[in-house]
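Read left to right, the sequence shown gives residues 5 to 216 (our numbering).
Glycine included, each C-beta is placed from N, C-alpha and C at the ideal position.
Keep in mind the model is a prediction, meaning the values are calculated, not measured.
This report concerns only the one structure given below.
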Amino acid sequence: MLFMNHLKYHHSVTRSGNVNRRLIEVLRNTSTSYGLVAIAIHWVMAITIFAMFALGIWMTDLTYYDRWYHDAPEIHKSIGMLLLLLLLFRLLWRLINERPALMGLWWEKFVALGVHRLHYLLMFTVMISGYLIPTAEGVGITIFDWFTIPATFTFDKQQADLIGTVHWAGAWAMMGLALLHAGAALKHHVIDKDITLLRMLGLSRKTKGETK
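Dropping the structure here:
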């Protein structure tokens with residue numbers, strides 16, 4: 005009886021270990037595919053950034069007496085700061101995870117790597133400038149009444165206006181780069197017929213064999 009209980013316990017531990025290993029494999033990147041964490045962060049940030057850009061454009065037409073004149077900027081600031089925190093986590097996750105090998109010709113890989121790095125630079129530029137604008141007078145940003153991110157620097161009006169210009173120009177540049185990135189992904193899928201796009205849709209692990 006004792007022997008049977010030991011076997012059952014050993015089987016349970018082994019099964020639990022296999023489940024944990026499988027879960028880790030699904031969450032983390034491999035040399036050929038992205039894990040669920042990277043995929044989820046990518047799409048959450050992509051969709052939210054496009055929505056934030058649209059919100060920012062819409063806010064410029066609001067008048068003082070519009071019901072959203074005060075609320076829309078607060079929402080914009082709160083989501084923007086949450087995106088900055090998520091971006092920091094994304095960068096950390098990228099550093100501690102394996103990166104799937106780039107696909108395509110050597111020059112395509114070179115361009116793709118440059119676009120990725122520029123995209124990160126623009127995201128940080130837009131989000132950090134988005135933090136500096138409302139905190140220019142030394143007042144922190146309250147995130148949906150959950151917590152407050154304190155101000156770290158103060159600026160005069162001319163400096164704040166310059167930061168606003170950087171934020172605006174960076175946002176447009178980021179949108180242009182995002183469209184270029186999307187076009188390249190479609191090119192890989194439609195013309196090259198490789199799994200570049202499928203990777204970020206979480207479908208590459210289901211494919212048998214990888215080409216190119």
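- With three or more CB-CB distances shorter than 8 Å, the region 88-105 counts as touching the region 43-52.
- 9 Å or more divides the Cβ of residue 103 from the Cβ of residue 24.
- Residue pairing for residue 146: DSSP places it in a beta bridge opposite 152.
- The criterion of a C-beta distance shorter than 9 Å is not satisfied by residue 107 and residue 84.
- Nearest C-alpha to residue 105 among 200, 205 and 153: 200.
- For residue 138, the secondary structure class from DSSP, reduced to helix, strand or coil, is coil.
- Counting C-beta atoms within 10 angstroms of its own C-beta, residue 37 has 16 or more neighbours from the protein chains shown and is therefore classed as buried.
- Residue 174 sits close to residue 126, with the two beta carbons spaced by under 9 Å.
- The closest CA to that of residue 60, considering only 196, 186, 179 and 207, is found on 179.
- Closest option to residue 203, judged by alpha-carbon separation, among 29, 27, 69 and 39: 39.
- Cβ-Cβ separation between residue 152 and residue 146: approximately 5 Å, consistent with a contact (criterion under 8 Å).
- Between the alpha carbons of residue 64 and residue 165 lies a distance of about 15 Å.
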